[in-house]
Amino acid sequence: MSSLPKLSAPEVPKGPWCLFLDIDGTLLEHAAHPDAVVVSDQLRKLLAGLELQLDGALAFITGRSIAAVDHLFQPLRLRAAGLYGLEHRLTRDGPVEAAGEPADIAALAEEVEAELASADVYIERKGPILAIHTRAAPHLLQRATQLVEQALERLPVGYRVLAGNAGVELMPLEAAKGAAIRRFLDLPAFEGRRPVFLGDDTSDENGFEAVNEMEGISIRIKPRGTTAARYALAGVDEALAWLDAVSLAQVR
-14 MSSLPKLSAP EVPKGPWCLF LDIDGTLLEH AAHPDAVVVS DQLRKLLAGL
36 ELQLDGALAF ITGRSIAAVD HLFQPLRLRA AGLYGLEHRL TRDGPVEAAG
86 EPADIAALAE EVEAELASAD VYIERKGPIL AIHTRAAPHL LQRATQLVEQ
136 ALERLPVGYR VLAGNAGVEL MPLEAAKGAA IRRFLDLPAF EGRRPVFLGD
186 DTSDENGFEA VNEMEGISIR IKPRGTTAAR YALAGVDEAL AWLDAVSLAQ
236 VR
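If you're matching positions, the sequence shown starts at -14 in our numbering and goes up one per residue.
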């Protein structure tokens, strides 16, 4: 694990490479509510250009559902792993392998909603994942974490709690960005390419570890404390500037 003072800006990838991108906190600034973010035409153009330059070897790796990603970036559609890899769209225009909401998670969501009913807390039901966003109410993060940890004891084996920068999530053990990245790397469009992954949160650490194992480029955006990433960028603006520079380098 690396700490912030030891991390430098990433190199421009050389040779065949592929790109994996987290969204919130990486391409877009965080907002109090996930629906409050806005995608600019400039960002759509940048991503479409990179996808073309990489011959399709680009994918979102996100905690959002793929349906939410498509709505956010419309009309742009890219390959994606949603819900931390519980959903996949392996080709740009292909079908989505979706995950439903189990009955025990639905019941838990209703309990949490009753306990934390507040305009400042957003409880997001994402199929088998329950996310509690406390960015607008940081004083409730500890209570939200307690609720999901207590719920974990009552649920069937196979769930875990993931604490983030401004919220907490309850999810199946198989939800992991590293596994999602590995699945894409088995596809012809990605095979033989060096993986590059940009992310900003604790949920991205598993992805950084997977990319490091394959001698790829792991980049943490605005890192806090320790991270498995080998490079760092100071924030969303710097991440977008780096991607723009990488795109320009592809056409030289």
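Beta carbons: idealized from backbone N, C-alpha and C, even for Gly.
This one's a predicted model, so the numbers in the text were calculated from it and none came from an experiment.
At the level of alpha carbons, what is the spacing between Ile108 and Arg145?
As a position in the sequence shown, residue 108 is number 123, starting the count at 1. As a position in the sequence shown, residue 145 is number 160, starting the count at 1. One C-alpha to the other measures close to 17 Å.
Hey, quick one: how far does the beta strand (DSSP E) through Phe193 stretch, first residue to last?
On the sequence shown, position 208 is the one that residue 193 refers to. Run containing Phe193: none in the beta strand (DSSP E); it sits in the alpha helix (DSSP H), 190 to 198.
What residues match up with Pro157 in a beta bridge as DSSP calls it?
For this step, residue 157 is matched to residue 172 along the sequence shown. DSSP, once it has assigned bridges, lists Tyr144 as partnering Pro157.
Residues that Trp2 bridges to, as DSSP identifies them
Residue numbering aside, residue 2 sits at position 17 when the sequence shown is read from its first letter. The partner list for Trp2 (beta bridge, DSSP) reads Arg179.
Please classify Met156: is it buried, with 16 or more other beta-carbons within 10 angstroms of its beta-carbon, or exposed?
For the purposes of this step, residue 156 is taken as the residue at position 171 of the sequence shown. So Met156 ends up on the buried side.
Can you give, in chain order, each stretch of the alpha helix (DSSP H) that sits fully within the stretch 96 to 140 and has at least 4 residues?
126 to 139
Do Thr76 and Ile206 have their C-beta atoms within less than 7 Å of each other?
Counting from one through the sequence shown, the residue named residue 76 turns up at place 91. Counting from one through the sequence shown, the residue named residue 206 turns up at place 221. Against a cut-off of 7 Å, the Cβ pair of Ile206 and Thr76 comes out as no contact.
By how many angstroms is the C-alpha of Val54 removed from the C-alpha of Gly34?
By 1-based counting over the sequence shown, the position of residue 34 is 49. By 1-based counting over the sequence shown, the position of residue 54 is 69. Looking at the two C-alpha atoms, the distance is approximately 18 Å.
Quick check on Asp7: buried or exposed, where buried means 16 or more other Cβ atoms within 10 Å of its Cβ?
Taking the sequence shown and counting its residues from 1, one reaches residue 7 at position 22. Buried: at least 16 other Cβ atoms inside 10 Å.
Between the C-alpha atoms of Pro19 and His56, what's the straight-line distance to the nearest angstrom?
As a working note, residue 19 is residue 34 in the sequence shown. As a working note, residue 56 is residue 71 in the sequence shown. Cα to Cα, Pro19 sits roughly 12 Å from His56.
From the DSSP output, in three-state form, read off Ser203 for me.
As a working mapping, residue 203 is identified with position 218 in the sequence shown. Strand at Ser203.
Coil, strand or helix - Ala165 by DSSP
On the sequence shown, position 180 is the one that residue 165 refers to. In this structure, Ala165 counts as helix in the three-state DSSP scheme.
Residues near Glu98 by beta carbon distance below 7 Å, same chain, minus five either side
Translated into positions along the sequence shown, residue 98 becomes position 113. So the list reads Ile108, once near-sequence residues are dropped.
Ends of the beta strand (DSSP E) at Leu43?
Here residue 43 is taken as the residue at index 58 of the sequence shown, counted from 1. Its beta strand (DSSP E) spans residues 43 to 46.
Relative to the C-alpha of Leu115, which residue among Ala83, Leu68, Pro123 is closest?
On the sequence shown, residue 115 is found 130 positions in, with the first residue counted as 1. Out of Ala83, Leu68, Pro123, Leu68 has the C-alpha closest to the C-alpha of Leu115.
So, helix, strand or coil for Arg49, using DSSP?
In the sequence shown, residue 49 corresponds to position 64, counting from 1. Reduced to three states, the DSSP call for Arg49 is coil.
Using only the alpha-carbon positions, how far apart do Gln135 and Ala83 sit?
By 1-based counting over the sequence shown, the position of residue 135 is 150. By 1-based counting over the sequence shown, the position of residue 83 is 98. Going by the C-alpha atoms only, they are around 27 Å apart.
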